[in-house]
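In the working numbering, the protein residues as written are 207 to 546. Every residue gets a Cβ at the ideal spot worked out from N, C-alpha and C, and that includes glycine. Below: one structure, written as structure tokens.
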Ligand code: NDP
């Protein structure tokens with residue numbers, strides 16, 4: 207396809223599954239963006255990845271990719287321990303950054319990443335895909351419009367079976383940022399914050415390692431978040447539960463919203479509204495691929511129109527909650543979330 211003159215070149219750091227399965231297509235789906243380079247530590251994997259996905263250039267050093275003049279935006283999708291240095295390198299080279307979640311392993315590092323992008327005058331976003339779903343956006347609009355009165359409680363069901371091809375660092379390498387809390391609880395947190403338009407103040411959680419996570423890495427977690435408004439949010443995340451299905455519910459003083467099959471990477475799912483003793487199926491807008499919307503909104507933000515769907519600050523906040531959930535599970539105490 208002929209691309210417009212001002213097409214933005216995206217460079218991908220990490221020959222990863224998420225890039226392969228969703229993000230390359232999402233970037234190339236936009237009329238004004240195109241993946242032009244990929245970086246992998248392994249030149250062989252980089253070459254194969256570039257050739258399989260029609261990417262012009264591959265590099266094996268971060269510095270080479272971020273200094274490629276054809277790269278305007280860097281998408282970071284390596285293991286979680288690598289995000290910080292890669293973001294700093296991109297920001298120092300004056301490139302915009304869309305970074306995967308969790309942004310980093312510590313709040314200090316995540317804040318340093320956001321600060322580096324801010325001082326370089328580049329846009330930074332977090333790839334929390336779920337807030338791009340038509341279902342979650344509809345839930346937020348309904349709640350804002352008063353459809354269920356005052357929100358009182360939320361429940362998130364996000365316990366799944368980790369696909370075989372992802373049973374690598376997530377369940378084996380603590381130093382890479384393994385475990386279900388960094389993998390899934392961050393997404394629950396971001397979606398709850400977005401739908402409820404509220405902030406988590408305190409968390410209580412218990413985690414478990416039921417055979418998939420090695421060295422005690424948690425592969426299941428349940429807990430409760432108390433929000434600033436007083437809403438209680440219950441969550442269940444796992445790598446080990448194959449048949450539960452996913453869901454997201456908000457129960458208010460005047461009604462309940464029940465969303466089914468919505469904690470997923472695909473643009474699917476349904477929403478029911480129950481109130482006054484009746485139940486109606488909520489009409490949703492046309493579905494759009496979640497990652498395509500994330501990139502579309504990011505491209506708009508770098509053109510000076512609005513913010514990324516999830517900002518750097520959103521990524522910092524979901525990480526802060528995940529860290530508190532982990533601390534609660536480790537200590538058996540309720541933890542007040544530290545955002546600074
Ligand atoms: P992968 O395990 O597929 O890849 C992670 C990194 O490992 C790659 O960047 C690559 O780096 C290296 N790698 C890839 N294949 C191999 C291999 N065969 N042998 C050794 N190393 C390899 O990770 P995911 O795609 O699952 O996750 C990447 C990031 O994206 C994480 O931060 C994760 O949390 C996030 N994520 C976000 C999702 C979302 O919906 N927002 C969904 C899934 C993941 P290199 O090429 O440089 O060696």
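Tell me the residue span of the alpha helix (DSSP H) that contains residue i.
| i | result |
| --- | --- |
| residue 252 | 249–258 |
| residue 317 | 313–326 |
| residue 361 | No alpha helix (DSSP H) holds residue 361; the beta strand (DSSP E) holding it covers 357–365. |
| residue 301 | No alpha helix (DSSP H) holds residue 301; DSSP gives it neither H nor E. |
| residue 399 | 392–402 |
Along the chain, where does the beta strand (DSSP E) that runs through residue i open and close?
| i | result |
| --- | --- |
| residue 455 | 453–458 |
| residue 485 | 484–487 |
| residue 464 | 462–466 |
| residue 205 | For residue 205 there is no data in the structure shown, the boundaries of the chain being 207 and 546. |
| residue 290 | Segment 289–298 is the alpha helix (DSSP H) holding residue 290; no beta strand (DSSP E) there. |
| residue 408 | 406–414 |
Do you know whose CA, among the options, lies nearest residue i's CA?
| i | options | result |
| --- | --- | --- |
| residue 338 | 225, 501 and 277 | 501 |
| residue 510 | 287, 288 and 327 | 327 |
| residue 512 | 278, 331 and 438 | 331 |
| residue 413 | 431, 425 and 336 | 425 |
| residue 284 | 223, 317 and 294 | 223 |
| residue 249 | 234, 232 and 219 | 219 |
Within 10 angstroms of the Cβ of residue i, are there 16 or more other Cβ atoms? Answer buried if so, exposed if not.
| i | result |
| --- | --- |
| residue 258 | exposed |
| residue 275 | exposed |
| residue 229 | buried |
| residue 486 | exposed |
| residue 539 | exposed |
| residue 212 | exposed |
| residue 306 | buried |
Taking 7 Å as the cut-off, is the CB of residue i close to at least one heavy atom of the ligand NDP?
| i | result |
| --- | --- |
| residue 290 | no |
| residue 374 | yes |
| residue 507 | no |
| residue 251 | yes |
| residue 221 | yes |
| residue 396 | no |
| residue 298 | no |
| residue 424 | no |
| residue 307 | yes |
| residue 354 | no |
| residue 246 | yes |
If you run the structure through DSSP and keep just helix, strand and coil, what is residue i?
| i | result |
| --- | --- |
| residue 449 | coil |
| residue 442 | strand |
| residue 513 | coil |
| residue 228 | helix |
| residue 344 | helix |
| residue 498 | helix |
| residue 385 | coil |
| residue 239 | strand |
| residue 506 | helix |
I'd like to know if residue i contacts chain C, where contact means its C-beta is closer than 8 Å to some C-beta of that chain.
| i | result |
| --- | --- |
| residue 368 | Among the protein chains of the structure shown there is no chain C, as only one such chain exists. |
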